[in-house]
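**Student:** Chains A and B, in that order, give the protein sequences. Just so we're aligned, residue 217 is where the first sequence starts under our numbering, counting upward by one. Just so we're aligned, residue 15 is where the second sequence starts under our numbering, counting upward by one. All C-beta atoms, glycine included, are put in the ideal place defined by N, C-alpha and C.
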Amino acid sequence: MTGPWNADIREFVLAFADDEHLMGQQHTEWIGVAPFLEEDLAFSSIGQDELGHAATLYAIVAGEGDPNREGGIDDRRLDALAFDPDPSRWRSAHLVEATTDDWAHALVRHWLYDTAEQLRWELVAESTLEPLAGAAARAEREEWFHRRHADGLLDVLLPAPGAGDRLRAALTDLLPLAVGLFDPVAGEVQAVASGVTIAPFDSRMPEWADRVRARFDGDLSSIDLSPSDRATPTGRTTRSNAFGPLLSRMREVLDLDPAAIW
Amino acid sequence: MGRTWASMDEFEAFLDDGGTVEVDDEMPDDYRQAVFAFIEMHANSELMGGLTERDWIPRTPGLRHKMAVLAKTQDEIGHGHLLYMVAADMGLKTRREMLEDLFAGRSKFHNVFHYRAATWGDQVAISFLVDAAALASQQAVFKNCSYGPYRRILKRIIAEEGFHMRMGEERMMLIAEGTDFQQVMFQQSLNNWWWPALQLFGPDSKPDDVLLRWHIKSERNEVLRARWVQKFAPMLISYGFTIPDPGLVHDAEADTWTAGPIDWEPLKRTLAMGGPDSARRIGEAAANWADTRWVREAMDNAPDRAAGAPA
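1. Measuring alpha carbon to alpha carbon, tell me which residue in B:A20, B:A146, B:L188 and B:F215 is nearest B:I171.
2. Can you tell me whether B:Y98 is helix, strand or coil according to DSSP?
3. For a quick check, are the C-beta atoms of B:G63 and B:H128 less than 9 Å apart?
4. If you reduce the DSSP assignment to three classes, tell me which class B:Y161 lands in.
5. What does the alpha-carbon distance come out to for the pair B:L250 and B:Q244?
6. Are the stretch 251-266 of chain A and the stretch 298-314 of chain B touching by the rule of at least three beta carbon pairs closer than 8 Å?
7. Quick one: Cα of B:E67 to Cα of B:V263, how far?
8. Is there at least one Cβ from chain A nearer than 9 Å to B:G216's Cβ?
9. Which chain B residues sit within Cβ distance under 7 Å of A:M421?
10. Tell me whether A:G451 is buried or exposed, calling it buried when 16 or more other Cβ atoms sit within 10 Å of its Cβ.
11. Answer yes or no: does any C-beta atom of chain A fall closer than 9 Å to that of B:P163?
12. Could you spell out the range, first to last residue, of the beta strand (DSSP E) harbouring B:T272?
13. Any idea what DSSP makes of B:V243, helix, strand or coil?
14. Please give the ranges of any beta strand (DSSP E) in the stretch 300-347 of chain A, keeping only runs that are unbroken, at least 3 residues long and fully inside the region.
15. Pop quiz: B:P72 and A:R465 are said to be a contact at Cβ under 8 Å. What is the actual Cβ separation, rounded to whole angstroms?
16. Is the CB of A:R431 under 9 Å away from at least one CB in chain B?
17. Do A:F459 and A:W424 have their C-beta atoms within less than 9 Å of each other?
18. Work out the CA separation of B:L106 and A:A309 for me, nearest whole Å.
19. Helix or strand or just coil, what does DSSP make of B:T18?
20. Going straight from the alpha carbon of B:Y164 to that of A:D256, what length do you get?
21. So, helix, strand or coil for A:P245, using DSSP?
22. So which residues of chain A does B:R310 contact, with C-beta pairs closer than 9 Å?
23. According to DSSP, is B:D31 part of a helix, a strand, or is it coil?
24. With a threshold of 16 other CB atoms inside 10 Å of the CB of A:R455, please say whether the residue is buried or exposed.
25. Should B:A312 and A:G219 be called a contact, given that it needs their Cβ atoms to be closer than 9 Å?
26. Which chain A residues sit within Cβ distance under 7 Å of B:G64?
27. Should B:G266 go down as buried or exposed, given a rule of 16 or more other Cβ atoms within 10 Å for buried?
28. Rounded to whole angstroms, what's the CA-CA distance from A:A258 to A:A270? Just pull it up for me.
29. Can you have a look at B:P210 and say buried or exposed, based on whether 16 or more other CB atoms are within 10 angstroms of its CB?
30. Give me the Cα-Cα distance between A:E313 and B:M15, rounded to the nearest whole angstrom.
31. With DSSP as the reference, identify every bridge partner of B:V263, one or two as the case may be.
32. If the criterion is Cβ atoms closer than 9 Å, does the pair B:P248 and B:W278 meet it?
33. State yes or no: is the beta carbon of A:M239 nearer than 9 Å to at least one beta carbon in chain B?
34. Within 9 Å (strictly less), CB to CB, does B:V39 reach chain A?
35. Tell me B:E40's beta-bridge partners as DSSP assigns them.
36. Give the DSSP-derived three-state secondary structure of A:S444 in the structure shown.
In structure tokens:
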């Protein structure tokens, strides 16, 4: 046994996997068009890491709690979870569905997401679902570099007059989407009860909000950063307008020939 | 300060004896220019190759597959990164000057990256045929390259390019054993990319080619090209594909494959920035470079980063 497993835990892990998948997917759009070569390389690495986290989480789901079941999860079963679900079955946050067409937004989203991601992995670091705890330990080793990367850039760019304005404008655009990361997802209550996670994700939202304030030194009063009494938590059951084109892009080759193996 | 040579004859004798030139040596200006131009073009090609492939990364069919493709493109851009540093150390242009020359259409990159990867089949064909051609060229340089910094970087580049070619081969084999749709798609990609990949080796080397005389390259273009045809023509035919060369000759007795007459006009057009996709490629790269200028300017002007800001 690797720990508790049922339909609720499945939903809980899938929501995390969907976020990691789409965050990695979004980073792939910034390879080769970043401001300098080192950033092309950094976004490549970070994108690979996030997709790798998604693969790990989908493998836990495919193996019903045990990613090593029957000798491991092959690519077909993984991709069935990663690409095939109907849009209504996705549980991604709108932050990772959004298209960003400038590098300021890409950088600010990277910081907002990875700051939240740290807190999210911490909640499952001692998970009773052993593969999830193992994934958390591995992810944190990588995420430390992600945060250092984003912070290193923001340390330099935020104080610069023009650059700082661009980044703060990006924050204003993205923050309403970022709070959706904390929306309770199906299965979370049961995941807490069974020790798969130690607390609801939105219990860490005040800490995340403090970090956002400290980082950007801005007035965030227009954004509702309080935990689950926020006005419109969606439970991640609705897709943003950006999702349809994103999924089409991800499935473009897969849809050419359903019988093909690439 | 490194070594000096009293004359070009003495320098060439040093090279003929297998001597290795280092960055702080007082190398002849013509040698410095030739090596620099060669490395700059290699760096530009790695970067533009990465940009050719990047269009398809978000559409890669499969999660782990996407991670692998992402790593490959990261390798290519990483090669560009290393090569620009080696070139910049030669003191003729900074990395930023090289990039700005590239995006302004003032410097060259390999012919194959003046074409567009229009389908996923093209992406696989690039990873297989083009990477193999580039690898063959790089191996021939690495074997006996007289410029030490370049040779040392090539060791890593060649190791990684070998993985890329294997990945392309594996993907090509899946397609060859796949559906009719896949096979038709890849045959079209082969039709599109066979000749540009073959032309990547360039026309026959001239007798007075300084790159050969100065041991920057160690094999003639026509030798490398013939070896590539000898390897890939029978391999692709064995997988059921057709080589788009009506003049291709197979000598069954000697088991040799020889390409038909080569039209060099497409190569010449790409070198003059007149390739099928040159304008779009350069235009988009230049636009992206301009869109992110604010980041570079902020970093250049940051008070505690007066030195060492990336180009």
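**Tutor:** So, from the data block:
1. B:A146
2. B:Y98 falls in the helix class under three-state DSSP.
3. no
4. strand
5. 11 Å
6. yes
7. 32 Å
8. no
9. Residues of chain B passing the Cβ test: none, with the nearest at roughly 29 Å.
10. exposed
11. no
12. T270 to T272
13. Reduced to three states, the DSSP call for B:V243 is helix.
14. none
15. 6 Å
16. no
17. Between A:F459 and A:W424, the C-beta gap is not smaller than 9 Å, which leaves the two residues out of contact.
18. 49 Å
19. Of the three classes helix, strand and coil, the one that applies to B:T18 here is strand, per DSSP.
20. Between the alpha carbons of B:Y164 and A:D256 lies a distance of about 22 Å.
21. Just to set this straight, residue 245 of chain A is Glu in the shown sequence, not Pro. It is coil, neither helix nor strand.
22. P251 and F252
23. coil
24. buried
25. Here B:A312 is not near A:G219, since their CB atoms are 9 Å or more apart.
26. G248
27. Residue identity differs from the one stated: residue 266 of chain B is Ala in this sequence, not Gly. Burial call: exposed.
28. 18 Å
29. buried
30. 56 Å
31. B:T272
32. no
33. no
34. At residue 39 of chain B the sequence reads Asp, which differs from the Val that was named. Output row for B:D39: interface = no.
35. B:T18
36. Here A:S444 scores only 47 on pLDDT, less than 50, and its place in the model should not be relied on; the value that follows carries that caveat. Three-state DSSP puts A:S444 in coil, outside helix and strand.
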